[in-house]
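**Q**
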Amino acid sequence: MPRFTRRSTLFSGLAILSATAAPSLALAGATRGRRPTAHISLDFDAHFVKLSTDEFTWRSSQTASDENTSGAAQAAHLPRVDEATQKSKLDRWNSVQTELQTIDPSRLTPQHAEDYAVYKFQIETLIADQKFRLYQRPLSGDTSFWSDLTYLTSGSFHTLEDYRNYLSQLGDFPVYFEENIANMRAGLKRGFTLPKVVLEGRDASVVSAITDTSEANPYYAPFKKMPDTIPADQQAKLRIEAASVIQGKVVPAHKQVLDFLRNEYTPGAVASIAAIDLPDGPAFYQSQIREYTTLDWTAAKIHQIGLDEVTKIKADMMAIKAEVAFAGDLKAFNDFLRTDPQFYAKTPQALLDRAAWIAKEFDGKAAQYFGRLPRSRFAIVPVPDDVAPFYTSGRGGPGIYLVNTYDLPSRPLYALPALTLHELAPGHAMQMPLAAENKSLPPFRQNTFISAYGEGWAVYCERLGDEMGMFHTPYERYGMLSYQMWRAARLVVDTGIHSQGWSREQARQFLLDHTALSTHEVTTEVDRYIAWPAQALSYYLGEQVIWDARRKAEKALGTKFDIRAFHDTLLDLGSVPLPVLQARVDKYIASGGQGPYANDS
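Just so we're aligned, residue 417 is where the sequence shown starts under this note's numbering, counting upward by one.
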């Protein structure tokens, strides 16, 4: 998902995040290495481990498959999402929060103190989302409760049980859809919907699952080729059962939501695009800022940071314009980049091929920058046709890099290296598997995604590409800077839309004036920010924290600084709030620059 940018010294205030952003997180590592062992209680450790383990096991059963669970084992059922279940979730998390308050983090071992800080943030954001009833908007910029279910088809299919569980999930579609529709109807009643302007075309992903024949349905895909370990007669029975459940359960469920979207939800959706105009809007938007940035900063502060950074990056872009001897102004240069055929692939396969080439080029450089690489591999595939028109240029996660081949004149090749570094490796499709493979982390750190860290890391990887020699022309470096500008401009646009009364057109024009993004991509991006308040803020702010931490480590360690050890230290964390990242880097510096695998044989 996920995604986001950087300069070396964006704002010195980030150095005191632990004190200003999330005070409860500052304790992670604040006293690490200085607590007398006698003051550490194994009872507190055991209490915390049991509390967090029990809750996360339960939490994992409460969500359906999505883009971050590719290759996961098939569950036996889809989760319940009705109002009673939502209340039970809030009650559970409130109870957990109360119990967390009985645990003194200063008496935990250093590792568990860090775990505590991460876990406490997770619980706080889960509670906030429940209190604002975010489940009444089970769709955002380019995701939805129905289209996310297609990721079920990329789960594990190795055994008869996998297929039986999958069929059981398909049988749950009617109830799951009915409960989500009921939640959306409740949101509709109180004016808590997506804005009407961003709902246009969102029914395309519903229509694709309404087919005359089961074999043409996307949910039939796992049955087209089945493992030889399942006997032929069993395969035949499973295919018959699949055809029946798709026509009897899956298709009717999609017809129901299609009717609801077209005749009830979209016509009744709110007109305003601003989050602050939703019920309890200012508090809701501030809660989303904290969730996605892990900071308690105001929208006004973030807006100004964005404006300041846009000015800095513009100077770098002007330098490249001069390097290629382009005579016009920056707007004319961006228009040239948007329209000249030399910068665009002629066929979808050509775009996919170039992405694969860039990925392999990184493979040849990886050992110079990373000490540990994931065992998990990945596929490069086109974004499905039904969501491609309003999907981002690319999306990466465990095992997959989705490249959008829709509307090729909006997919510039000069931006593809930065996109691939972000979404694939060393970005999302590398960071997330490394976390999942890190058995020293508790499951709630292996298998969750905190946007400020995950997107901040991915945007850091884009600029790292310059250092790695991944950009071979001034235009490719400009593509990276355009992405940096895009993420800085997001700080301006997101806060402008949701807190300062900006119009959709005003937001579009700001991106068109300051980036080389295509007109189509600017439109889809602005609509994504409208539909997903504050998520776009995580990228640039997260990246800045990482760059500031790196510069701090380089200055402190001097010749002892090892880029591989630094990167391994960050990737060893899993996905964490930014103050926890800073605390870990401080510990890395105190150790003399030893990475997490320094003692491995």
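The beta-carbon is built from N, C-alpha and C at its ideal position, and this holds for glycine as well.
Given the structure is predicted, the values throughout are model-derived calculations rather than measurements.
Assuming Val908 is part of the alpha helix (DSSP H), what are its boundary residues?
**A** Pro890 to Ser915 is the span of the alpha helix (DSSP H), which, as asked, contains Val908.
**Q** Determine the closest residue to Thr985 out of Met884, Ser660, Thr709 and Arg788, with distance taken between C-alpha atoms.
**A** Per the Cα distances, Arg788.
**Q** Using only the alpha-carbon positions, how far apart do Ala462 and Trp713 sit?
**A** Distance between the alpha carbons of Ala462 and Trp713 is about 34 angstroms.
**Q** According to DSSP, simplified to helix, strand and coil, what is Ile718?
**A** DSSP places Ile718 in helix when its eight states are reduced to three.
**Q** Count Cβ pairs between the stretch 606–619 and the stretch 503–516 that sit closer than 8 angstroms; are there 3 or more?
**A** Contact fails: fewer than three Cβ-Cβ distances are below 8 angstroms.
**Q** Which ranges would you report for the beta strand (DSSP E) in the stretch 752–836 if only whole runs of at least 3 residues count?
**A** DSSP runs (the beta strand (DSSP E)) wholly in the stretch 752–836: 795–798, 810–813 and 816–819.
**Q** Judging by CA-CA distance, which residue of Gln900, Phe865, Tyr869 and Ser867 is the nearest neighbour of Gly881?
**A** Taking only the C-alpha atoms, the option nearest Gly881 is Gln900.
**Q** Per the DSSP calculation, Leu953 is bridged to which residue(s)?
**A** In DSSP, Leu953 forms no bridge with anything.
**Q** Just list the beta strand (DSSP E) runs in the stretch 591–668, keeping only unbroken ones of 3 residues or longer that don't cross its boundaries, in chain order.
**A** Whole beta strand (DSSP E) segments, 3+ residues: zero.
**Q** Would a C-beta distance cut-off of 8 angstroms place Ser572 and Gln490 closer than the cut-off?
**A** Cβ distance < 8 angstroms, so Ser572 and Gln490 count as in contact.
**Q** Going by Cα to Cα distance, which pick from Ser954, Asn581, Ala923 and Ala625 is closest to Val992?
**A** The shortest C-alpha separation from Val992 is found at Ser954.
**Q** Helix or strand or just coil, what does DSSP make of Leu555?
**A** Of the three classes helix, strand and coil, the one that applies to Leu555 here is strand, per DSSP.
**Q** Suppose contacts are defined by Cβ-Cβ distances below 8 angstroms. Is Ala904 in contact with Ile718 by that definition?
**A** No, they are not a contact pair.
**Q** Using the Cα positions of Ala438 and Pro634, report the straight-line distance between them to the nearest angstrom.
**A** Caution is warranted here: a pLDDT of 36 is assigned to Ala438, below 50, making its placement in the model unreliable, and the coordinate value is therefore given only provisionally. If I take the Cα positions, the gap works out to 43 angstroms.
**Q** Can you name, in chain order, every residue of its own chain whose Cβ lies under 7 angstroms from the Cβ of Ala480, other than the five neighbours on each side?
**A** Excluding residues within five positions, the ones whose Cβ falls inside 7 angstroms are Leu494, Pro495, Asp564 and Leu565.
**Q** Which one of Val613, Asp929 and Lys976 has the shortest CA to CA distance from Thr727?
**A** Comparing Cα positions, the closest option is Asp929.
**Q** Hey, how far is the Cα of Glu725 from the Cα of Leu850?
**A** The alpha-carbon atoms of Glu725 and Leu850 are separated by roughly 31 angstroms.
**Q** Using the three-state DSSP reduction, which class does Ser560 fall into: helix, strand or coil?
**A** It is a strand residue.
**Q** With DSSP as the reference, label Asn510 as helix, strand or coil.
**A** In the structure shown, Asn510 sits in a helix (DSSP, three-state: H, G or I).
**Q** Between the stretch 538–547 and the stretch 774–782, are three or more C-beta pairs nearer than 8 angstroms?
**A** The stretch 538–547 vs the stretch 774–782: no contact.
**Q** Considering only the alpha carbon of each residue, which of His914, Lys968 and Phe982 lies closest to Gln951?
**A** For Gln951, the nearest C-alpha among the options comes from His914.
**Q** Quick check on DSSP: helix, strand or coil for His936?
**A** His936 falls in the helix class under three-state DSSP.
**Q** According to the neighbour-count rule (16 or more other Cβ atoms, all chains shown, within 10 Å of its Cβ), is Thr755 buried or exposed?
**A** It is exposed - the Cβ of Thr755 has fewer than 16 other Cβ atoms within 10 Å.
**Q** Would you report the Cα separation of Ala947 and Gly557, rounded to the nearest angstrom?
**A** Going from the Cα of Ala947 to the Cα of Gly557 covers about 5 angstroms.
**Q** Might you give, ordered along the chain, the residues of its own chain that have their beta carbon closer than 7 angstroms to the beta carbon of Asp619, omitting 5 neighbours on each side?
**A** The residues are Leu674, Leu677 and Arg678.
**Q** Can you find the residues in the same chain that come closer than 8 angstroms, C-beta to C-beta, to Arg448, ignoring five residues on each side of it along the sequence?
**A** Low per-residue confidence applies at Arg448: pLDDT is 35, beneath 50, and the placement is therefore not dependable, though the value from the model is reported in the following sentence. Only Pro526, Ala529, Glu530, Ala999 and Lys1003 meet the Cβ criterion.
**Q** So, are the CB atoms of Asp978 and Gly1011 less than 8 angstroms apart?
**A** Yes. Within cutoff.
**Q** Can you tell me whether Gln960 is buried or exposed? The criterion is at least 16 other CB atoms within 10 Å of its CB, across all chains shown.
**A** Gln960 is buried by the Cβ-count criterion.
**Q** Is DSSP giving Ser703 helix, strand or coil here?
**A** Ser703: helix per DSSP, three-state reduction.
**Q** Starting from Arg1000, trace the alpha helix (DSSP H) in both directions and tell me its first and last residue.
**A** Leu994 to Ala1006 is the span of the alpha helix (DSSP H), which, as asked, contains Arg1000.
**Q** So which of Arg879, Asp823 and Ile796 has the shortest CA-CA distance to Thr940?
**A** Checking every option, the nearest Cα to that of Thr940 belongs to Asp823.
**Q** Nearest to Glu892 by alpha carbon, out of Arg920, Val740 and Lys747?
**A** It is Val740.
**Q** Quick one: using the 10 Å Cβ neighbour count with 16 as the cut-off for buried, is Gly684 buried or exposed?
**A** Answer is exposed; the Cβ neighbour count stays below 16.
**Q** Taking Leu997 as the reference, give the member of Lys466, Ser476 and Val534 with the closest Cα.
**A** It is Val534 whose Cα lies nearest to the Cα of Leu997.
**Q** Where does Thr541 fall in DSSP's three states?
**A** If DSSP states are grouped into helix, strand and coil, Thr541 belongs with the helices.
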